[in-house]
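S.K.:
2 protein chains.
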Amino acid sequence: MDDFIFRNPTKIVFGRGTESKVGAEAAVYAKKLLLHFGGGSIRKSGLHARVTASLKAAGVEWVELGGVKPNPRLSLVREGIETCRREKIGLILAVGGGSAIDSAKAIAVGVPYAGDVWDFYTGKAEPREALPVGTVLTIPAAGSEASSGSVVTKEEGLLKRAFNSEHAYPRFSILNPELCFTLPKEQVANGITDIMAHLLERYFTNSRPVEFTDRLIEATLRTVIDVAPRVLAQMKDYEAWSELMWAGTVAHNNLLNTGREGDWASHDIEHELSGIYDVAHGAGLAVVIPAWMKYVLKHDLTRFVQLAVRVWGVDQAFYSPERTAREGIARLEGFWASIGQALRLPGIGIGPDRIEEMAGKGCEGGRKLGHFVPLARADMVAVLKLAL
Amino acid sequence: MDDFIFRNPTKIVFGRGTESKVGAEAAVYAKKLLLHFGGGSIRKSGLHARVTASLKAAGVEWVELGGVKPNPRLSLVREGIETCRREKIGLILAVGGGSAIDSAKAIAVGVPYAGDVWDFYTGKAEPREALPVGTVLTIPAAGSEASSGSVVTKEEGLLKRAFNSEHAYPRFSILNPELCFTLPKEQVANGITDIMAHLLERYFTNSRPVEFTDRLIEATLRTVIDVAPRVLAQMKDYEAWSELMWAGTVAHNNLLNTGREGDWASHDIEHELSGIYDVAHGAGLAVVIPAWMKYVLKHDLTRFVQLAVRVWGVDQAFYSPERTAREGIARLEGFWASIGQALRLPGIGIGPDRIEEMAGKGCEGGRKLGHFVPLARADMVAVLKLAL
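Protein chains in written order, with my numbering: chain A, -8 to 379; chain B, -8 to 379.
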């Protein structure tokens, strides 16, 4: 097991109607907050009204900044930073999914920083402090509600980049599975895919031994595989949603990578897809991951066999590990197809023409992607060609 | 899934030689700390010297309070509270296992409290604040290094009682698996049993649905079952120790009971055994739990079947769930016997003569034990008789 430091300070408030507690949680940190969200869906659903009623009751003022898009943009982050400085904001409250939360985290680290917030995404600087962030989660997917990461896209050059910092953990996150009942099914499928991707990225490691965290990841994957079709079949199934929502948080709260180094090449590759084509992150991952798996399969066949047997219940062909491993990948593809994902680039509207460009951006300056098998530019091209 | 609030703020510093970081971690909280530990083993092993060297290097002063016994005593807690007040101590650093840590937590909540610290253990009061606690863990077992609980024994009446409070989470815990290499094997077996007991107490619940946390608990149990014999066979197996140590922490850090109500009757019953007879907690649990399981088996046979199949790999007799369930219990007994545990009361030096007295104390004032099946006094007597 690798040495590690782990501390996740996020307070999770989980259950029916918990958005009514947001005022009390926010009041611990601030008298005035930035209410940060995406489009109009939280107004239509009545969530905006319930959240602001709770803030009012707790005596907390707020300034609104809506308009966060999927693959959140740097320009809105800059606007948020200016607003927070001008309005002397004490807390950023994201109401939404990963995009609103990632954007809120970017604002939070940007406010006390004298330089350009993009520095954190290029690795030029590391956050040393941040405004506190709270969240009301509406889409189980990104896991950002209890994670240390943030992903933002810079419009010039369509660069999608991430940073991780202990300062980026939200102080509290409110999880009410009922808020998921009205999500579009396509978004749910993308969320399920993203959760599974977070687990698979952690699973593929060269660290040893990782028996305990392997088993925790497998347990979480099996849970998602069990409940995901139930959620899609019956969108008001609170019980199934509660399992999926909590699993989505634990999948990405850094417990499951304690003592091990994850891979994350598939996320990096997908960032190049959704940076240029603006496809949904989950949809991109469903295309990239199976291709990536086939490309790196022989690096550690045993790991693929273990995944196939323990997670997918594949009947192990003891004398033919490769067959077992490939059957595991086929089951993953079958599962993602069953929830409506396309498995190849053309299915998400991407042809072969900009593969070289994406690989060039992804591996700019000789950067290699991933840790399980570090991928150079030619490898990224090969993975994307396998995905055609 | 039950509604829940979860926040575990403990910082885990895990790996080889990490005790050398204790000074830097402690200096965040205090210039002067109480160094709290048990007998002389930490001096013999050189751990005391390494910890104090690290404190010195970080400019942290300390006052020593050794002498914590297994089943830590209230009188020493009172002494610690006086010392902390007199010496203006800012942090309590426990170096040891669950007893030293539980005693440290008791001191921590006692110092700022005007009343009697025992009030927290009787439920007469709840802690509202506490001195910070840090730990250097030497025995994976109690899970107290990242838990919200503390168990202390009051000498008058030999009352062993517990409290839980968010103020009882340590601020940091240093986990170096190498520190376990020199533990007596009997203590290791008791630690393994205690870890498994923490998992089983959480497993037996009436909450629904609990698919995700069921699977996480099963994953942790399987890990312990896998690595425990390896640790006992080769006491310097760092890799196996690292898995066991981290699993022991996660088993009890409250993640695995999110959204579910555990049972805990077996712990309560065992507290009466070790309160009177001063047997090791783990040894007591190995006797109580199988008897408890047989007593409550029919309350939810399916849960026992699931445990048998998923954790012990029992070949399920689909038409005879009781046979499958009982086979699961037999496997647990076999496993505990294989690591050297006695499975019946006489094996730990306890006869039938004080069973009524223990049940009287455990169920004093009509108190019922556990949640899966709440046990009255007559039930506790029956469980203990099954353990004879």
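No residue lacks a Cβ here, since even glycine has one placed at the ideal position from N, Cα and C.
Would a C-beta distance cut-off of 8 Å place ARG317/A and LEU379/A closer than the cut-off?
M.R.: Result no, Cβ atoms of ARG317/A and LEU379/A do not sit closer than 8 Å.
S.K.: Beta-carbon separation of PHE5/B and ASP(-6)/A under 8 Å?
M.R.: For PHE5/B and ASP(-6)/A, yes; Cβs fall inside 8 Å.
S.K.: Please compile the residues from chain A whose C-beta is within a distance smaller than 9 Å of the C-beta of PRO200/B.
M.R.: Simply VAL218, GLU230, ALA231, SER233, GLU234.
S.K.: If you reduce the DSSP assignment to three classes, tell me which class LYS12/A lands in.
M.R.: Here LYS12/A sits in helix by DSSP.
S.K.: Who are the Cβ neighbours of ALA15/A in its own chain at under 7 Å, not counting the five residues just before and after it?
M.R.: The residues are ALA49.
S.K.: Counting only beta-carbon separations shorter than 8 Å, does GLY6/A have a partner in chain B?
M.R.: Chain B contact via Cβ: present.
S.K.: Looking at ILE183/A: is its Cβ nearer than 8 Å to the Cβ of ARG(-2)/B?
M.R.: Contact flag unset, no.
S.K.: For LEU246/A, which of ALA17/B, ALA238/B, LYS23/B has the nearest alpha-carbon?
M.R.: Checked all of ALA17/B, ALA238/B, LYS23/B; the closest Cα to LEU246/A is ALA238/B.
S.K.: Looking at the C-beta of GLY239/A, does it have a partner C-beta in chain B at a distance below 8 Å?
M.R.: Chain B contact via Cβ: absent.
S.K.: Pull up the distance between the alpha-carbon of LEU56/B and that of THR74/A, whole angstroms please.
M.R.: Straight-line Cα distance between these residues: approximately 53 Å.
S.K.: How many whole angstroms separate the CB atoms of VAL54/B and LEU25/B, which I take to be in contact at a CB cut-off of 8 Å?
M.R.: Right, their Cβ atoms sit about 6 Å apart.
S.K.: ASN248/B and ALA137/B: beta carbons closer than 8 Å?
M.R.: Their beta carbons are not under 8 Å apart, which means ASN248/B does not touch ALA137/B by this criterion.
S.K.: Quick check on the DSSP output: the alpha helix (DSSP H) that includes GLU55/B runs from which residue to which?
M.R.: Looking at the DSSP string, GLU55/B is not in any alpha helix (DSSP H); the run it does join, the beta strand (DSSP E), is 52 to 56.
S.K.: Can the beta-carbon of ALA210/B be found closer than 8 Å to that of ALA274/B?
M.R.: For ALA210/B and ALA274/B, no; Cβs fall outside 8 Å.
S.K.: Which same chain residues end up closer than 8 Å to GLU146/A when comparing Cβ atoms and leaving out the 5 residues on each side of it in sequence?
M.R.: Within the same chain, GLU146/A has close Cβ partners ARG64, LEU65, SER66.
S.K.: Mind listing the chain A neighbours of PRO0/B? Cutoff is C-beta to C-beta under 8 Å, in chain order.
M.R.: The answer, in chain order, is ARG(-2), PRO0.
S.K.: Exposed or buried, what is SER45/A when buried is set at 16 or more other beta-carbons lying within 10 Å of its beta-carbon?
M.R.: With 16 or more other Cβ atoms within 10 Å, it is buried.
S.K.: Just to confirm my understanding: we take GLU52/B, look at its own chain, exclude 5 residues before and 5 after, and list those with CB closer than 7 Å. What are they?
M.R.: Same-chain partners within the cutoff: LYS22, LYS23.
S.K.: Please identify the residue among ALA369/A, CYS354/A, LYS376/A whose C-alpha is closest to the C-alpha of LEU150/A.
M.R.: Nearest C-alpha to LEU150/A: CYS354/A.
S.K.: Just the Cα atoms here: how many angstroms apart are GLY304/B and ARG213/B?
M.R.: Taking the straight line from one Cα to the other gives about 10 Å.
S.K.: Taking DSSP as the reference, what is the three-state secondary structure of GLY253/A?
M.R.: Here GLY253/A sits in coil by DSSP.
S.K.: Of all the CB atoms in chain B, is at least one closer than 8 Å to the CB of GLU252/A?
M.R.: Cβ-Cβ to chain B under 8 Å: no for GLU252/A.
S.K.: Is the CB-CB distance between LEU366/A and LYS359/A below 8 Å?
M.R.: Closer than 8 Å, so yes.
S.K.: If contact means a Cβ-Cβ distance below 7 Å, which residues of the stretch 326 to 342 of chain A contact chain B?
M.R.: Within the stretch 326 to 342 of chain A, no residue qualifies.
S.K.: Is the CB-CB distance between GLY88/A and THR129/A below 8 Å?
M.R.: Yes, the pair counts as a contact, with Cβ atoms nearer than the cut-off.
S.K.: Which bits of chain A does ARG206/B rub up against, with CB to CB less than 7 Å?
M.R.: Chain A residues near ARG206/B: ALA210, ARG213, THR214.
S.K.: Using the three-state DSSP reduction, which class does ILE183/B fall into: helix, strand or coil?
M.R.: Residue state, collapsed to three classes: helix.
S.K.: Can you list, in chain order, the residues of its chain whose CB lies under 8 Å from that of TRP255/A, leaving out five sequence neighbours each side?
M.R.: The answer, listed in chain order, is GLU192, LEU360, GLY361, HIS362.
S.K.: Identify the residues that DSSP records as bridge partners of PHE203/A: which are they?
M.R.: According to DSSP, PHE203/A bridges with nothing at all.
S.K.: For ASP370/A, count neighbouring C-beta atoms within 10 Å of its own C-beta (all shown protein chains included) and say buried if the count is 16 or more, exposed if not.
M.R.: Flag for ASP370/A reads buried.
S.K.: With a cut-off of 8 Å, does the C-beta of ILE165/A fall near any C-beta of chain B?
M.R.: No - not a single Cβ of chain B is within 8 Å of the one on ILE165/A.
S.K.: Keeping to the same chain, check which residues put their C-beta closer than 7 Å to that of GLU313/A; ignore five residues upstream and five downstream.
M.R.: The answer, listed in chain order, is LEU292.
S.K.: Looking only at its own chain, which residues have a Cβ that is under 6 Å from the Cβ of LEU235/B, when we skip the five neighbours before and after it?
M.R.: Hits under 6 Å: PRO131, VAL218, VAL222.
S.K.: Quick one: Cα of GLN178/A to Cα of ILE330/A, how far?
M.R.: So the alpha carbons of these two residues sit roughly 11 Å apart.
S.K.: What are the boundary residues of the beta strand (DSSP E) that includes PHE111/A?
M.R.: From DSSP, PHE111/A is part of no beta strand (DSSP E) but of the alpha helix (DSSP H) over 109 to 113.
S.K.: Can you tell me the Cβ-Cβ gap for LEU276/A and ALA188/A, rounded? I've got them flagged as a contact below 8 Å.
M.R.: Right, their Cβ atoms sit about 4 Å apart.
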